[in-house]
Amino acid sequence: EIDLRIGASFTRFQTMLLRDAFVLDFASDNQNIILSYGPCQVTNVGQQERLHHPPHPLSTLELEKRASRYFRMSSERTMKVAEDLYQAGFISYPRTETDCFTVRTELRTIVQEQQGHPTWGSYAQRLLDPEENLWRDPSNGGHDDKAHPPIHPTKFSAGESGWSQDHKNVYELVVRHFLACVSQPAIGAETTVNIDIAGEQFSASGRVIIAKNYLEVYRFESWGNSMIPSYNTGQQFIPSSLTLDSGVTRPPPLLSEADLLSCMDKAGIGTDATMHDHIKKLLDRFYATKDSSMRFSPTKLGEALVMGYDDMGYELWKPDLRSQMESDMKAVSIGAKRKEEILDTCLQKMKTCFLDAKLNKGKLFEAMAIFFDRSNRSSGHEQHTIGEVVRKCNLCQESDMVLRKKPDGNFMVGCLGFPQCRNVVWLPGPISEATVTTNICSTCSPGPVYMIQFKFRRIEIPPNYSVDHLGCIGGCDDILKQLVEVCGTGSRSNSTIPGRGQGPTPSSSSARQSNTRNQGPWQTGRSSGSHPPENSRGRNSRSQGAVSQDGAGESSIPCTSCGSPCNLRTANTAANRGRKFYSCQAQGCNFFMWEDNAASGRGGGISREAPNGNSRRGGRGRGRGRGGGGNRGANDGGAFVSATGEPISGRCFVCGDPGHFANACPTRASRLPSHLLLVQSLIEYQQ
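Just so you know, the sequence shown maps onto residues 1 to 687 in the working numbering.
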């Protein structure tokens, strides 16, 4: 009666006061609107019985998940402890996928052994008492590996003296889980109440546990026990409070180990006996970390690998490929597929992925560079060490060009798009250290082109060059160009002797190779347009003295290599002083022929192009040359000749190859110290 009176009074007051004073657009007829206040009216009450079923018999996967959830134990630690308990005879074999007992299992005998335990012994006694009506045959989880039963206790223990807390926890979990799975489900009554407040419908629900049953022994689980009063349909009441709670959506939490195990099981990755090993490897390889709350986070390494493989177009980081392999292996175990068939299929898939990954490794490097700084440490094997970014590749304009140190200690700047892009810049051979700086070249474009701090070996560079140099590989650095010409590079195809003036120009191996660098000793021009200081051209200056320019002029004899006119020159070496010879006037062409040989028709058109691509010098004191080099013309079948033009047989004393002499041996630089090479070259020249 009180509720009715209060409600009627305030409802009339509000309605009469406010209904005509405002335009209430939510009502079609303001004259009929009622602004109610007061008690709520129960419009409907629903109640029904609910069952909360006990878990299935314990498999390895469930043991790992529940130990992680209840005791914060890692799956690896759980299996280690379970193995200890199994070896001691307290539990059954802990590596099993089976979650159903066979009819031959003596379940009641196992329960009887637990009646003496001080904690759960009384519950075990009630289980075996028919009057309690607690016993129920365990449910079937649907998995049977045909090898081992579900995990269950095999020997009673009230706690051994040598057990750690983890051992006690795992044994308790195994026993309580077994007792729960042979118990009746919990019974509860769930009530749902619908109420009306001023025409607005609200609902509330609550649950009352009528019989706990298995929950009495399985303390790890609870069933919501939200209590609400008992209501009848049509009943009215005054709310004690009315609140409007605000909230925001939240991202899902990080995966716990139990969640991860569930995801792995759902995706078909690993077996119950191997999942914990997969997780351990995930952590050992630093792909992920696990915090104190047993939740996983990806590391920068893990993210970089996923990003790199994803950019390649391969979803190696997804579970599909591994899941298919696991499925195929299970098919082999039951005889549905042949082992050889599965091996061929899996290996072919992974081989294809592997080969493509090698071709697209630049994408992995680019992904790693987002998360990690570059390292200048040499890897020590065939592949170049990936270094710091110098510039965007000016050839493919897609990948970066990075500083690399090869296994032989030489430096280069190469494109990460290799082998699709073969752009490379060979650096001077005497470099001992090189580091990319943050300084940007103001001349070279497209930029930015980062400058490199070089350190040279003093014994291998001319004396008036500094051992420290901040240089640019974009093409504006004359010092680098001069050192390349004087000292050579570290490229395999241009193995040169320091100080001999034969170095090739740093260039793109996928673009045009300059053919104007390997010049004869009588030539002084540099295609770079810059000359090193006088002291840095010592070898070149001496070479100039070996040839007299007097009498040099154009002759009617054409070059048999390139067709250009030849110049007639006079040699000034000790062995051939005053002897005339023809040389091609075209830069980069090393055609050479003695005048008397041309007159007699012998040995005409000798080219200096060595088989390994290095220019061999003509006009030396010993007068040696090689017929038929890289540019064969009328000289096919040419042979080594002496200063008199007579054929001779020769053999490299460094490697024994009859195809060249020691001064052009491609392996020479790797066999002799640079200072010995320089001395030997001077001796050969003076001969």
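By construction, the Cβ of each residue, glycine as well, lies at the ideal position given by its N, Cα and C atoms.
For residue i, three-class secondary structure by DSSP
| i | result |
| --- | --- |
| Leu-427 | coil |
| Ser-241 | coil |
| Ala-331 | helix |
| Glu-76 | helix |
| Thr-98 | coil |
| Ser-418 | Before going further, note that residue 418 is Phe rather than Ser in the sequence given. Of the three classes helix, strand and coil, the one that applies to Phe-418 here is coil, per DSSP. |
| Asp-400 | strand |
| Arg-294 | Residue identity differs from the one stated: residue 294 is Met in this sequence, not Arg. DSSP places Met-294 in coil when its eight states are reduced to three. |
| His-56 | coil |
| Phe-71 | helix |
| Ser-432 | strand |
| Lys-693 | Look at the range of the chain in this structure, 1 to 687, and you will see that residue 693 is not part of it. |
| Leu-305 | helix |
| Gln-115 | coil |
| Asn-140 | coil |
| Ile-461 | coil |
| Glu-315 | coil |
| Gln-688 | Limits of the chain in this structure are 1 at one end and 687 at the other, which puts residue 688 out of reach. |
| Lys-392 | strand |
| Leu-51 | strand |
| Asn-597 | helix |
| Val-81 | helix |
Spatial neighbours of residue i in its chain, beta-carbon cut-off 7 Å, leaving aside the 5 residues before and after
| i | result |
| --- | --- |
| Cys-421 | Cys-393, Leu-395, Cys-396, Ser-399, Cys-415 and Ser-510 |
| Gly-116 | Phe-156 |
| Lys-774 | Since the first residue of the chain shown is 1 and the last is 687, residue 774 is not available in this structure. |
| Ser-327 | Gly-268 |
| Ser-226 | Gly-206 and Arg-207 |
| Glu-595 | Leu-568, Lys-580, Phe-581 and Tyr-582 |
Element boundaries [beta strand (DSSP E), containing residue i]
| i | result |
| --- | --- |
| Gly-471 | 468 to 471 |
| Thr-289 | 288 to 290 |
| Arg-250 | Taken as a continuous stretch (DSSP letters only), Arg-250 belongs to no beta strand (DSSP E), as it is neither H nor E. |
| Ala-147 | Element bounds for Ala-147: n/a, residue is neither H nor E. |
| Tyr-450 | 450 to 456 |
| Arg-126 | Not the beta strand (DSSP E): Arg-126 falls in the alpha helix (DSSP H), residues 121 to 127. |
| Thr-299 | It is not in any beta strand (DSSP E) - Thr-299 carries neither H nor E in the DSSP assignment. |
| Cys-566 | 565 to 571 |
Same chain only: Cβ atoms within 8 Å of residue i, ignoring 5 sequence neighbours per side
| i | result |
| --- | --- |
| Gln-48 | Ala-189 and Glu-190 |
| Phe-371 | Lys-300, Leu-301, Glu-303 and Ala-304 |
| Arg-126 | Glu-132 and Leu-134 |
| Cys-472 | Cys-441, Thr-443, Cys-444, Val-449, Met-451, Ile-452 and Leu-480 |
| Pro-419 | Leu-359 |
| Lys-349 | Leu-321 |
| Gly-121 | Gln-114 and Gln-115 |
Boundaries of the alpha helix (DSSP H) in which residue i is found, first to last residue
| i | result |
| --- | --- |
| Gly-162 | Element bounds for Gly-162: n/a, residue is neither H nor E. |
| Gln-587 | Careful: Gln-587 lies outside any alpha helix (DSSP H) and carries neither H nor E. |
| Thr-255 | One point to set straight first is that residue 255 is Leu, not Thr, in the sequence displayed. No alpha helix (DSSP H) holds Leu-255; DSSP gives it neither H nor E. |
| Lys-280 | 275 to 284 |
| Ile-110 | 107 to 112 |
| Ala-367 | 361 to 371 |
| Cys-487 | 478 to 487 |
With 16 other Cβ atoms within 10 Å as the buried cut-off, status of residue i
| i | result |
| --- | --- |
| His-177 | buried |
| Gln-87 | exposed |
| Lys-405 | buried |
| Asn-410 | buried |
| Arg-760 | No answer is possible for residue 760: it lies beyond the span of the chain, which begins at 1 and ends at 687. |
| Leu-173 | buried |
| Gln-201 | exposed |
| Thr-98 | buried |
| Ile-228 | exposed |
| Ala-82 | buried |
Cβ-based neighbour list, residue i, same chain, cut-off 6 Å, excluding 5 preceding and 5 following
| i | result |
| --- | --- |
| Met-79 | His-276 |
| Phe-250 | Reading the sequence as shown, one finds Arg at residue 250 and not Phe. Cβ neighbours of Arg-250 beyond the five flanking positions: none. |
| Glu-433 | Lys-455 |
| Gly-474 | Cys-441, Cys-444 and Val-449 |
| Ala-124 | Val-111, Gln-114 and Gln-115 |
| Met-307 | Ala-367 |
beta-carbon residue i near the ligand MG non-hydrogen atom, thresh 8 Å
| i | result |
| --- | --- |
| Cys-562 | This structure lacks the ligand MG, and indeed carries no ligand of any kind. |
For the segment 159 to 229, which segments carrying the alpha helix (DSSP H) assignment without a break, of at least 4 residues, lie completely within its bounds, in sequence order?
-> 165 to 181
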